[in-house]
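Asks:
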Amino acid sequence: MGSYRPLHDGWTVAPADASLSPVPAAVPGCVHTDLLAAGRIPDPYLDDNEDALRWIGHTDWVYETTFAWSPLDEARVDLVCAGLDTVATVTLNGVDLGSTANMHRGYRLDALPHLRPGDNRLSVRFDSAYAYASALRDRLGARPSAYEDPFNFIRKMACNFGWDWGPNGVTAGIWQPIGLHAWGVARLAGVRPLVTVDNRVGRVAVHVDLERVGDEPLTLSAAVAGVRREVTVPAGERAAVVNLEVRDPALWWPRGYGEQARHVLDVTLRAAGDATLDTWQRRIGFRSVRLDTTPDADGTPFTLVVNDQPVFVRGVNWIPDDTFVTRVTRERYAERLAQAYDANVNLLRVWGGGRYESDDFYDVADEMGLLVVQDFLFACAAYPEEEPIAGEVSSEARAQVTRLASHPSLVGWIGSNENIWGYHDWGWPDELAGRTWGEGYYLDVLPAIVAELDPTRPYWPSSPYSGRPDVHPNDPAHGSMHIWDVWNQRDYVHYRDYRPRFVAEFGYQAPAAYATLRRALRDDPLAHDSPGMRHHQKAIDGDAKLQRGLDAHLPPPRDFDDWHYLTQVNQARAIALGIEHFRSLRPLCMGAIVWQLNDCWPVTSWAFVDGDGRRKPAWYALRRVYADRLLTIQPRDGALVLVAVNDGAQPWIAPASVTRMAISGEARAKTAVDLVVPPHSALTLPLPGDLASADDPRDELLVASANGERAWWFFAEDKDVAYPPPAYDATAEPVPDGWRVTVRAGTILRDLALFPDRLDPSASVDEQLVTLLPGESVTFTVRARPDLDPAALTARPVLRFVNDVSSCEREE
Numbered sequence: 027m028g029s030y031r032p033l034h035d036g037w038t039v040a041p042a043d044a045s046l047s048p049v050p051a052a053v054p055g056c057v058h059t060d061l062l063a064a065g066r067i068p069d070p071y072l073d074d075n076e077d078a079l080r081w082i083g084h085t086d087w088v089y090e091t092t093f094a095w096s097p098l099d100e101a102r103v104d105l106v107c108a109g110l111d112t113v114a115t116v117t118l119n120g121v122d123l124g125s126t127a128n129m130h131r132g133y134r135l136d137a138l139p140h141l142r143p144g145d146n147r148l149s150v151r152f153d154s155a156y157a158y159a160s161a162l163r164d165r166l167g168a169r170p171s172a173y174e175d176p177f178n179f180i181r182k183m184a185c186n187f188g189w190d191w192g193p194n195g196v197t198a199g200i201w202q203p204i205g206l207h208a209w210g211v212a213r214l215a216g217v218r219p220l221v222t223v224d225n226r227v228g229r230v231a232v233h234v235d236l237e238r239v240g241d242e243p244l245t246l247s248a249a250v251a252g253v254r255r256e257v258t259v260p261a262g263e264r265a266a267v268v269n270l271e272v273r274d275p276a277l278w279w280p281r282g283y284g285e286q287a288r289h290v291l292d293v294t295l296r297a298a299g300d301a302t303l304d305t306w307q308r309r310i311g312f313r314s315v316r317l318d319t320t321p322d323a324d325g326t327p328f329t330l331v332v333n334d335q336p337v338f339v340r341g342v343n344w345i346p347d348d349t350f351v352t353r354v355t356r357e358r359y360a361e362r363l364a365q366a367y368d369a370n371v372n373l374l375r376v377w378g379g380g381r382y383e384s385d386d387f388y389d390v391a392d393e394m395g396l397l398v399v400q401d402f403l404f405a406c407a408a409y410p411e412e413e414p415i416a417g418e419v420s421s422e423a424r425a426q427v428t429r430l431a432s433h434p435s436l437v438g439w440i441g442s443n444e445n446i447w448g449y450h451d452w453g454w455p456d457e458l459a460g461r462t463w464g465e466g467y468y469l470d471v472l473p474a475i476v477a478e479l480d481p482t483r484p485y486w487p488s489s490p491y492s493g494r495p496d497v498h499p500n501d502p503a504h505g506s507m508h509i510w511d512v513w514n515q516r517d518y519v520h521y522r523d524y525r526p527r528f529v530a531e532f533g534y535q536a537p538a539a540y541a542t543l544r545r546a547l548r549d550d551p552l553a554h555d556s557p558g559m560r561h562h563q564k565a566i567d568g569d570a571k572l573q574r575g576l577d578a579h580l581p582p583p584r585d586f587d588d589w590h591y592l593t594q595v596n597q598a599r600a601i602a603l604g605i606e607h608f609r610s611l612r613p614l615c616m617g618a619i620v621w622q623l624n625d626c627w628p629v630t631s632w633a634f635v636d637g638d639g640r641r642k643p644a645w646y647a648l649r650r651v652y653a654d655r656l657l658t659i660q661p662r663d664g665a666l667v668l669v670a671v672n673d674g675a676q677p678w679i680a681p682a683s684v685t686r687m688a689i690s691g692e693a694r695a696k697t698a699v700d701l702v703v704p705p706h707s708a709l710t711l712p713l714p715g716d717l718a719s720a721d722d723p724r725d726e727l728l729v730a731s732a733n734g735e736r737a738w739w740f741f742a743e744d745k746d747v748a749y750p751p752p753a754y755d756a757t758a759e760p761v762p763d764g765w766r767v768t769v770r771a772g773t774i775l776r777d778l779a780l781f782p783d784r785l786d787p788s789a790s791v792d793e794q795l796v797t798l799l800p801g802e803s804v805t806f807t808v809r810a811r812p813d814l815d816p817a818a819l820t821a822r823p824v825l826r827f828v829n830d831v832s833s834c835e836r837e838e
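Numbering follows this note's numbering, in which position 534 of the sequence shown is assigned residue number 560; successive positions increment by one, without gaps.
(1) Unbroken beta strand (DSSP E) runs of length 3 or more, entirely within the stretch 336-404: which are they?
(2) Where residue 585 and residue 794 are concerned, what is the direct C-alpha to C-alpha distance, given to the nearest angstrom?
(3) Tell me residue 681's beta-bridge partners as DSSP assigns them.
(4) Can you tell me whether residue 646 is helix, strand or coil according to DSSP?
(5) Alpha carbon to alpha carbon, how far is residue 41 from residue 204?
(6) Which whole runs of the alpha helix (DSSP H) in the stretch 398-471 are 4 residues long or more, in chain order?
(7) Does the distance from the C-beta atom of residue 143 to that of residue 96 stay below 8 Å?
(8) Is DSSP giving residue 156 helix, strand or coil here?
(9) Would you kindly report the start and end of the unbroken alpha helix (DSSP H) that includes residue 53?
(10) State the DSSP-derived secondary structure class of residue 25, mapped to helix, strand or coil.
(11) Give the range of the alpha helix (DSSP H) segment to which residue 512 is assigned.
(12) Name, in chain order, the residues that DSSP records as bridge partners for residue 30.
(13) Can you name the start and end residues of the beta strand (DSSP E) that residue 270 belongs to?
(14) Can you say whether residue 836 is buried or exposed, counting buried as having 16 or more other CB atoms within 10 angstroms of its CB?
(15) By Cβ distance, which residues of its chain are closer than 7 Å to residue 748, with the 5 residues on each side in sequence left out?
(16) Is residue 307 buried or exposed, if buried means 16 or more other CB atoms sit within 10 Å of its CB?
(17) Using only the alpha-carbon positions, how far apart do residue 687 and residue 681 sit?
(18) Is the stretch 629-642 touching the stretch 523-540 in the sense that three or more CB pairs, one from each, lie closer than 8 Å?
(19) Which of helix, strand or coil does DSSP assign to residue 169?
(20) So, at 7 Å on beta carbons, what are the nonlocal neighbours of residue 554 in its own chain, with the 5 sequence-adjacent residues on each side left out?
(21) Compare the C-alpha of residue 753 against each of 447, 433, 735 and 775 and name the closest.
(22) Does residue 382 pass the burial test, meaning 16 or more other C-beta atoms within 10 Å, or should it be called exposed?
(23) Rounded to the nearest angstrom, how far is the Cβ of residue 281 from that of residue 270, given a contact under 8 Å?
(24) Taking the alpha-carbon positions, what's the residue 732 to residue 704 distance?
(25) Does the stretch 74-92 come into contact with the stretch 209-229, if we say contact requires no fewer than three beta-carbon pairs (one atom in each stretch) closer than 8 Å?
(26) Residue 399 and residue 440 look like a contact to me (Cβ under 8 Å); what is the Cβ gap, rounded to whole Å?
(27) Would you please state the rounded distance, in angstroms, between the beta carbons of residue 634 and residue 648? I believe it to be under 8 Å.
(28) For residue 605, I'd like the list of residues in its chain whose CB is within less than 6 Å of its CB, leaving aside the five on either flank, ordered along the chain.
(29) Assuming the contact rule is C-beta atoms closer than 8 Å, residue 380 and residue 406 should be a hit. Round their C-beta distance to whole Å, please.
(30) Starting from residue 233, trace the beta strand (DSSP E) in both directions and tell me its first and last residue.
(31) In its own chain, which residues sit with a C-beta less than 7 Å from the C-beta of residue 325, not counting the 5 before and 5 after it?
(32) I need the straight-line Cα distance from residue 750 to residue 773, nearest angstrom please.
(33) Would you please state the rounded distance, in angstroms, between the beta carbons of residue 100 and residue 210? I believe it to be under 8 Å.
(34) Return helix, strand or coil for residue 831, following the three-state DSSP convention.
(35) Whose C-beta lies closer than 6 Å to the C-beta of residue 409 among residues of the same chain, with five residues either side of it excluded?
(36) If contacts are defined as beta-carbon pairs under 8 Å, then residue 778 and residue 798 qualify, I think. What distance do you get, rounded to the angstrom?
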């Protein structure tokens with residue numbers, strides 16, 4: 027059997043022009059993190075350091091190491107480069123082994139002829155990604171793009187060049203493992219287990235590609251769930267299939283639908299004399315998946331069906347969790363995906379401007395039952411279909427479809443992010459003047475690769491896409507859509523204008539947590555428009571859009587503390603309103619994927635978890651509106667209705683009440699109803715006229731209750747509501763690992779929140795944005811240091827609610 031030796035030690039990196047002396051290099055890693063570790067640059071994420079460090083992406087870099095080698099009795103020794111970022115020339119003992127120009131695939135280079143006993147010198151030169159992409163743009167002709175940098179002319183993580191939530195940090199480096207693989211006779215060059223389930227029979231077609239140095243017959247075996255088969259691979263053959271059939275296998279289900287049963291699949295390649303040549307092992311899951319797009323009376327649905335069960339997608343979009351992706355460990359993936367899981371998410375879409383995520387990411391998703399759809403890596407730009415890009419795209423896609431085939435969490439491939447929509451709506455045809463823009467990838471190349479290599483999973487040409495070339499790609503009635511006019515141009519209540527079949531992107535901004543901002547910014551004082559805050563707001567007119575939202579709904583902030591709290595409230599409300607509306611339309615609408623779960627650095631953005639891993643208030647709102655059971659009041663045809671949504675496996679049977687009351691808590695009208703909501707369905711009940719309208723909109727609200735679930739309807743915006751001066755009692759008592767904070771309301775307290783990170787950056791709280799009626803109370807559990815000041819923990823700016831701003835405004 028062959029052997030693998032990692033080559034991760036002893037590396038240095040320096041500019042190719044020797045303008046800086048070499049520094050130690052971590053492999054896997056990148057230039058930025060190496061320079062940072064050596065103290066040569068400041069942290070790119072702090073203040074505006076990003077701008078001063080752009081020279082790194084315009085510089086050529088050389089990594090070098092020396093390793094000892096002793097000859098082995100193997101016919102082949104390959105230098106295996108799992109990932110080089112990006113334009114690289116690999117040299118061993120002064121001989122060029124090969125060149126690369128794609129971050130998203132691996133390379134295997136024949137090293138044996140150039141290895142020598144004793145010390146060997148290995149170097150990898152990385153030419154500037156800017157220089158390569160710019161030269162290719164000049165040769166092939168410019169293409170329209172969302173940003174000026176030429177990210178669409180190089181197969182590299184697009185958001186490295188900066189995005190409307192991310193910094194410009196154009197990396198270079200050996201970003202995946204590198205090592206020597208010694209082998210003989212034959213090896214497993216690729217293993218693709220294609221798993222299907224039909225009539226309680228699980229089938230695994232194990233497709234294997236072989237690389238040989240001889241032509242002798244081989245034996246290939248595969249085993250899973252107690253079933254084993256082997257086949258003979260005839261002399262010279264380089265591909266084989268082993269078919270396994272398992273009766274009544276334990277199935278892999280998405281979270282909320284069943285267990286996540288996984289089974290070890292072992293594949294072994296043996297020589298004629300029964301010597302083991304190579305092995306491969308993964309954990310697979312038996313499950314079926316399809317996309318139901320059968321036209322109906324309302325258009326074209328977009329329904330994900332797993333194990334013949336239609337799934338309402340409660341999704342989040344995923345971006346790289348760090349611009350410097352080698353800093354994202356399995357533990358960090360587990361933490362971030364647990365935050366998604368705890369917010370009742372069941373699907374993550376890996377966005378096309380980032381990367382094909384790691385095996386760790388998918389393995390954690392497999393364990394948690396989180397569904398994943400993976401974009402091919404094209405985003406917000408026209409991409410050339412000429413060489414060398416075309417060949418790289420095909421090789422990259424084939425490699426990634428093969429690599430990810432074993433993961434049950436992966437339930438679909440998407441051709442691009444917004445590129446077909448962009449061609450239709452963003453003025454591309456005139457700018458292109460007949461040049462290629464990527465359509466051939468999305469409609470021909472990529473679907474053909476998926477159909478050939480992984481027909482068990484659906485493919486969709488783009489996000490958004492209507493499913494038909496004669497229908498606008500962002501038509502709400504057909505396929506998937508993105509809703510961005512709300513954030514960019516309109517108030518968030520206009521989410522209700524849409525009756526979509528599936529929403530794959532929509533979102534609303536808010537700043538990062540206070541402790542995150544204070545760590546990243548030296549601004550003194552900190553203000554919404556202070557220099558650091560401006561630099562860490564990448565969206566076009568982002569602050570103006572935040573202000574528009576505040577003006578429409580909330581009282582004017584008096585200072586940064588108010589602004590920070592109120593903008594976070596508005597993000598939470600915007601997302602909650604949209605999701606409640608989309609879920610209330612079930613089964614017309616069968617999914618929402620909100621933008622975005624995570625951030626890659628400290629920034630004002632659409633994320634629910636900020637760049638330091640802190641949960642913003644919107645995360646708590648997401649947890650509530652993505653819960654299995656949702657109670658919501660919705661406007662329909664000039665009236666109000668109560669909608670009960672049940673995404674659980676059991677019927678929801680409960681008494682419910684709806685009360686119209688004064689802000690003071692006095693009941694004005696009330697009704698009682700019995701909820702009987704079958705699993706995976708929604709029930710809509712009209713509300714009586716005496717509940718659906720207010721005598722005084724400024725002084726009244728509706729509250730609906732069932733089984734502890736609540737829904738609110740305010741007849742006026744907070745800025746216009748006649749809130750009384752807030753009255754409450756708040757106490758804090760120490761408990762193991764933190765504090766227990768109890769708030770008792772003497773008056774209504776709207777969107778009560780607690781921000782303990784203002785006192786202890788490591789602190790967290792179990793709940794946020796709770797509305798209390800007079801006489802009610804809530805207890806927060808805070809994980810924090812034991813030495814916090816209880817008075818500070820129960821006062822502004824740690825303890826907040828909307829009507830403390832409203833009342834102060836009136837008093838002034």
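Cβ atoms here follow ideal geometry from the backbone N, Cα and C, with glycine treated the same way.
Replies: If we stick to the structure as given:
(1) For secondary structure counted as the beta strand (DSSP E) over 3 or more consecutive residues, the stretch 336-404 holds these complete runs in sequence order: 339-344, 373-376 and 397-401.
(2) Near 21 Å, if we compare the C-alpha coordinates of residue 794 and residue 585.
(3) Beta-bridge annotation (DSSP): residue 681 is paired with 700.
(4) Helix.
(5) Rounded to the nearest angstrom, the two C-alpha atoms are 21 Å apart.
(6) Every alpha helix (DSSP H) of 4 residues or more that sits fully in the stretch 398-471 is shown, in chain order, as 415-430, 445-451 and 454-458.
(7) Contact: yes.
(8) Correct three-state label for residue 156: helix.
(9) In the DSSP assignment, residue 53 falls outside any alpha helix (DSSP H), carrying neither H nor E.
(10) Residue 25 falls outside the range modelled here, since the chain spans only 27 to 838, and no answer is possible.
(11) The continuous alpha helix (DSSP H) containing residue 512 extends over residues 511-515.
(12) Looking at the DSSP assignment, residue 30 forms a beta bridge with 207.
(13) Its beta strand (DSSP E) spans residues 265-273.
(14) Residue placement at residue 836 cannot be trusted, given a pLDDT of 47 that sits under 50; the coordinates are not used to answer.
(15) Cβ neighbours of residue 748 beyond the five flanking positions: 689, 724 and 725.
(16) With fewer than 16 other Cβ atoms within 10 Å, it is exposed.
(17) If I take the Cα positions, the gap works out to 19 Å.
(18) Judged by Cβ distances under 8 Å, the stretch 523-540 makes contact with the stretch 629-642, as three or more pairs qualify.
(19) Looking at residue 169 - three-state DSSP - the assignment turns out to be coil, as it is neither helix nor strand.
(20) Same-chain partners within the cutoff: 569, 586 and 589.
(21) Relative to residue 753, the option among 447, 433, 735 and 775 whose CA is nearest is 775.
(22) By the 10 Å Cβ count, residue 382 comes out buried.
(23) The distance from the Cβ of residue 281 to that of residue 270 is about 27 Å, inconsistent with a contact at the 8 Å cut-off.
(24) Their Cα atoms are separated by approximately 15 Å.
(25) Cβ pair count under 8 Å is below three, so no.
(26) Going by Cβ atoms, the distance from residue 399 to residue 440 rounds to 6 Å, so yes, they are a contact pair.
(27) The pair is a contact, with the Cβ atoms about 6 Å apart (cut-off 8 Å).
(28) Spatial neighbours of residue 605 in its own chain (CB-CB distance under 6 Å, excluding positions within 5 residues in sequence) are listed in chain order as 618 and 651.
(29) The C-beta distance from residue 380 to residue 406 rounds to 12 Å, too long to fall under 8 Å, and the pair is not in contact.
(30) Membership of residue 233 in the beta strand (DSSP E) is indicated by the continuous run 227-238.
(31) Same-chain partners within the cutoff: 503, 504 and 527.
(32) Distance between the alpha carbons of residue 750 and residue 773 is about 7 Å.
(33) That belief holds up - the Cβ atoms of residue 100 and residue 210 are roughly 5 Å apart, short of 8 Å.
(34) DSSP places residue 831 in helix when its eight states are reduced to three.
(35) Cβ neighbours of residue 409 beyond the five flanking positions: 178 and 464.
(36) Contact flag correct, Cβ pair sits at about 6 Å.
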